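Below is one structure, written out as structure tokens; the observations come after it.
Protein chains in written order, with the UniProt record's numbering: chain A, 1 to 143; chain B, 1 to 143; chain C, 1 to 143; chain D, 1 to 143; chain E, 1 to 143; chain F, 1 to 143; chain G, 1 to 143; chain H, 1 to 143; chain I, 1 to 143; chain J, 1 to 143.
Given below as structure tokens:
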């Protein structure tokens with residue numbers, strides 16, 4: 001454990017967050033997400049909710065202000081406009097924790113997978129609520 | 001996720017529990033334990049308590065009945081007879097969950113490290129209670 | 001060996017089943033199937049029938065309910081409508097063991113190979129009955 | 001599958017049997033044996049009995065005639081003279097299948113482990129009968 | 001060395017023959033063939049003729065009866081209809097040793113290379129006779 | 001770059017600091033130190049002073065309070081009692097930045113090397129001042 | 001440290017500069033640049049400015065005189081003609097240090113990324129000034 | 001060193017020359033050539049002229065007689081018909097040392113790079129004369 | 001194949017012979033020798049006699065003249081003074097082919113194994129004559 | 001090639017010289033030296049004399065002034081006091097090129113090997129003069 005760094009951030013996850021640069025994506029995925037087959041680096045945080053992971057990551061990761069949608073969730077299959085409870089919770093955390101709060105955008109399930117395949121890394125959590133997935137694009141920290 | 005298998009057991013940890021044989025040791029370690037430098041396989045379960053991990057592991061792992069002490073904790077430095085709260089919780093879980101309940105034995109801190117260095121694997125949890133470490137020796141399952 | 005987990009499930013196969021996510025495919029293949037050249041992870045269970053492997057896997061793996069055909073067999077070359085004995089046995093096992101029983105779909109031999117090449121893993125069994133091959137798509141486990 | 005070679009002999013096991021030379025040991029181990037932690041190459045044949053594996057291996061492997069005890073089993077802990085049923089079955093197979101039938105020798109459990117640690121390979125079977133372990137020393141084939 | 005298995009079949013080559021499945025190709029190549037640059041697994045048998053290797057392989061490998069041409073040689077550059085002595089010798093061995101004797105088919109030099117690049121493996125022999133190359137497609141062994 | 005984490009801490013160094021446990025050592029070394037040949041993980045921070053690195057590390061790393069000397073420098077060869085300027089600067093930083101300020105202990109040059117060889121990692125800085133080396137022992141963070 | 005070689009040039013960076021040939025590109029990137037995801041070799045020089053790194057590299061690296069634009073910077077997003085202070089500093093260094101001084105060319109942000117993806121290596125510096133990125137093409141040294 | 005083999009041929013280069021087959025290319029490159037970024041195997045012979053390397057290689061390597069141009073040099077940029085001194089020296093060596101002397105062909109600089117990218121290997125010499133690059137295609141050795 | 005180099009010398013074996021230096025040992029072993037378990041590099045030449053391999057190696061390898069016994073064979077178990085036919089053939093080849101002919105020395109079987117374990121490499125041949133093993137120590141080639 | 005760095009210093013050798021620290025040894029070895037079996041990193045400079053390599057290395061490497069003998073050669077076997085011509089040439093180069101000229105010390109052949117086994121690296125040159133071996137200990141560069 002380290003001083004002032006959330007203990008949920010494992011050594012591998014800290015490495016990834018620090019090595020990512022402007023415009024790189026990271027996926028926080030629920031327990032059912034096919035994270036290993038995405039091809040990207042896969043960090044596991046079994047047993048932890050996606051909302052706890054999002055809170056921890058946003059304390060250190062800046063969001064990208066060069067694009068309109070730096071945070072994207074997965075649409076419910078067959079009902080793209082519904083907002084599942086876990087997604088509502090994501091929005092609350094982004095509003096309160098992100099350096100630059102934004103409204104969450106969304107992608108259809110297989111479009112979300114395609115985007116995830118080119119991400120820098122996927123964090124597989126133990127989130128048991130369905131649709132507990134979110135993609136974050138890293139921003140810059142100025143001089 | 002799989003049917004009937006505790007979701008805390010990650011792919012790597014399941015591999016280890018299944019590959020271990022009679023007499024192999026596994027260490028469940030707290031967040032301050034020097035797990036990486038033990039040399040053994042190190043599986044991380046950041047953010048989860050050692051007691052939750054112990055419960056999950058004992059649902060699948062048989063304890064060794066060929067030895068008197070198949071479950072061993074670390075003694076408090078300078079006060080070897082005290083029973084820290086997390087150790088008391090370990091004892092309760094072993095009593096209720098293990099296939100063969102036993103009284104926990106204990107080892108001095110550096111003797112515990114030496115034993116851990118020859119273990120099959122160490123599971124580093126997010127346990128924040130000090131002395132949240134326990135070694136389990138795997139038993140056999142008969143015909 | 002572990003408590004309550006079918007001993008046919010080897011360490012590597014358990015790892016794979018646990019790491020797979022929603023929509024990932026696994027192939028159970030007979031002894032003549034070109035499993036190594038598919039490119040996917042290949043786990044061998046020489047000497048065991050494909051039906052025994054199917055039974056063991058379905059005790060832990062949920063089938064995908066988002067698609068109409070989560071279980072697919074290979075058509076007999078030159079006679080696509082015949083149902084070989086091993087396939088009939090597959091259907092019986094799916095009916096009795098799967099979380100969501102379904103009617104097996106089928107693919108022409110080389111279409112089956114193409115599908116297998118993008119699978120998460122192939123399990124090569126010792127099945128000596130011809131056409132003893134089946135693809136399963138993993139489902140989700142709800143909150 | 002290959003013509004005239006027992007299908008139980010997997011690609012990795014065939015490699016090992018062919019690569020072994022005069023005096024190299026191979027261990028056939030039961031399902032509870034700590035095979036992975038022996039350090040040697042570990043080949044798994046989950047779900048197959050040790051007796052079936054012994055029969056298959058002896059059809060291709062010559063036993064060493066330079067030493068008095070080329071085949072060794074593990075003694076029952078606390079009762080070294082008893083002959084468990086699986087060991088009796090081993091003796092029958094050696095008598096009928098080996099190129100040079102011999103009486104099985106035996107070693108105490110931890111001496112057996114020490115010998116196994118310097119073996120060329122360990123084959124972990126699905127043998128559920130306790131003490132289903134045997135070490136074979138490879139012999140020569142003359143001009 | 002092993003009982004009843006031709007000693008020319010090295011550990012790596014045995015592994016390959018056993019791991020190949022229905023429809024996988026293996027190339028037996030002469031000493032001048034660009035085996036390493038084909039990309040496939042390359043097993044070397046320097047100093048041995050391609051005809052000796054063909055004989056040894058056909059004692060264990062079934063030919064594919066699902067295709068008309070499971071055995072293919074390379075055409076002489078500029079004279080595709082001539083039958084070089086080593087090819088005539090290949091035909092004699094196939095006639096006498098294969099489980100299902102067939103007439104050898106042939107491919108133009110660069111078509112032969114393209115086919116070899118997708119093979120399971122190439123065996124580079126010490127064959128000094130030009131055009132001493134043949135591709136074999138593995139068949140099935142029934143129940 | 002990350003919010004609130006000193007940018008000098010590279011991805012690999014953050015990984016190491018987070019993966020270290022109670023009692024693990026890390027060495028901050030000057031530009032002339034034989035870091036690569038110590039055998040431990042070697043992280044390079046060429047061009048940065050050892051004092052800047054010490055400040056950054058102590059903002060996140062707790063010092064071990066179980067031992068009397070959690071911070072150790074190298075003695076000047078031939079003059080063990082002298083305090084080089086860079087060591088004086090180290091003491092000031094420890095006094096102001098460490099969670100538990102301590103007086104620096106010291107070791108003879110080759111004893112320092114022996115201690116470094118069993119460290120978790122060495123950070124090679126660009127420090128050009130001679131004797132700019134210090135070993136830190138990680139402490140615990142309580143519940 | 002070595003005689004007459006700038007100490008900022010780390011072992012890995014020296015290897016890269018020496019191994020590069022005529023026409024190979026190297027990218028000097030600021031602290032926000034997505035260097036790891038470019039795919040090229042990534043050398044880190046955390047904590048050092050891009051201008052210091054440029055000066056050190058140009059003391060040993062010849063610029064390519066076969067192309068008109070051997071040194072290229074990234075255009076400001078939305079304002080391609082502005083010259084940020086760090087780019088002005090780059091131009092001064094090139095004028096005074098390069099073997100063949102040239103006027104810096106520029107590329108749009110994503111064109112710059114595409115060019116960086118085919119570079120020989122990327123050096124990630126600790127440069128905190130935005131747009132502190134430059135690509136250099138290596139030239140030849142005559143007989 | 002070995003009897004009768006030119007000592008310039010290093011272990012890795014000998015391996016490559018022996019493993020190459022009919023039609024495989026090898027590039028002998030000057031000190032400025034971008035050998036590492038070609039992707040092929042790269043063997044370095046720093047400090048030796050390309051002409052010395054050509055002489056050594058041709059004592060063991062047969063040239064391909066199936067193609068009209070088994071030896072190809074790089075054209076001078078902007079003056080494709082000029083013959084640089086090092087190329088003239090190459091022609092003399094081919095005339096006197098090759099098993100089948102041929103007139104050197106030539107390729108434009110970037111066509112030469114494309115051809116080199118599909119070569120079996122590149123040998124980077126210390127040749128300081130510009131345009132000291134040549135591609136050789138290996139031939140066959142008959143029975 | 002290469003001009004003037006015996007085709008039995010495979011790419012890996014040529015690499016080894018060229019990389020060996022003064023005083024390094026190479027073992028030529030028969031088909032029953034436990035070559036893989038010696039730990040050294042193992043090159044296979046299945047199907048070729050040890051005498052053919054010895055002849056080919058001695059055409060390029062100088063024997064060490066700094067020691068009295070640069071060539072050593074294995075004594076027959078139980079009859080150390082007998083000279084098996086293959087050893088007599090070895091002596092003839094050394095007499096006629098080595099740069100410095102010597103009388104073969106001999107070692108007891110397990111002493112021979114110990115010597116082989118520290119060799120640079122072992123060449124496993126297809127030699128079927130028992131005791132077809134010989135160790136050669138490489139010499140120097142003067143200016 | 002790089003500006004102002006001797007072209008004999010290859011990428012790997014430059015890496016090594018830069019990564020070495022105070023007290024690390026590097027061996028420059030002749031063409032007969034058993035460099036590969038020393039265990040250390042082995043860099044080859046086939047075809048170049050040891051004296052040329054020594055000159056190039058000493059232009060960048062400082063010698064250790066903390067020990068009396070930072071440069072050591074190998075004694076002639078059987079005549080330890082003779083000074084071979086290549087050693088005399090080494091002394092001249094050290095006198096003229098080293099930052100701190102010293103008289104060469106010497107070690108008996110096998111003591112020299114033992115010292116070389118713990119070196120940071122060995123550079124195998126093409127030096128054909130016998131006894132063309134020298135060990136250099138790296139020194140420090142002050143502030």
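Using N, Cα and C, we set each Cβ at its ideal position, and we do this for glycine too.
Being a predicted model, the structure only gives us computed values, none of them experimental.
Cα-Cα separation, residue i to residue j
i, j, result
"residue 140(I)", "residue 93(E)", "48 Å"
"residue 111(D)", "residue 125(D)", "21 Å"
"residue 41(A)", "residue 135(A)", "14 Å"
"residue 89(B)", "residue 131(B)", "12 Å"
"residue 85(B)", "residue 133(B)", "12 Å"
"residue 103(C)", "residue 74(C)", "14 Å"
"residue 69(D)", "residue 91(I)", "35 Å"
"residue 20(I)", "residue 66(D)", "34 Å"
"residue 46(D)", "residue 9(D)", "12 Å"
"residue 60(A)", "residue 5(F)", "8 Å"
"residue 37(G)", "residue 55(A)", "24 Å"
"residue 33(C)", "residue 25(F)", "52 Å"
"residue 71(D)", "residue 39(D)", "21 Å"
Closest Cα partner of residue i within the set the options
i, options, result
"residue 118(F)", "19(F), 2(F), 27(F) and 7(F)", "27(F)"
"residue 35(I)", "22(D), 47(D) and 55(D)", "22(D)"
"residue 115(D)", "129(D), 102(D) and 137(D)", "137(D)"
"residue 99(H)", "24(H), 19(H) and 57(H)", "57(H)"
"residue 53(D)", "97(D), 101(D), 113(D) and 83(D)", "97(D)"
"residue 63(J)", "129(G), 128(G), 14(G) and 1(G)", "1(G)"
"residue 48(B)", "82(B), 30(B), 38(B) and 15(B)", "30(B)"
Where residue i sits in the DSSP three-state scheme
i, result
"residue 44(B)", "strand"
"residue 49(H)", "coil"
"residue 117(I)", "helix"
"residue 73(H)", "strand"
"residue 104(D)", "coil"
"residue 29(G)", "strand"
"residue 135(A)", "strand"
Environment of residue i [buried if 16+ CB atoms lie within 10 Å]
i, result
"residue 106(B)", "buried"
"residue 80(A)", "exposed"
"residue 18(B)", "buried"
"residue 78(H)", "exposed"
"residue 122(C)", "buried"
"residue 82(J)", "exposed"
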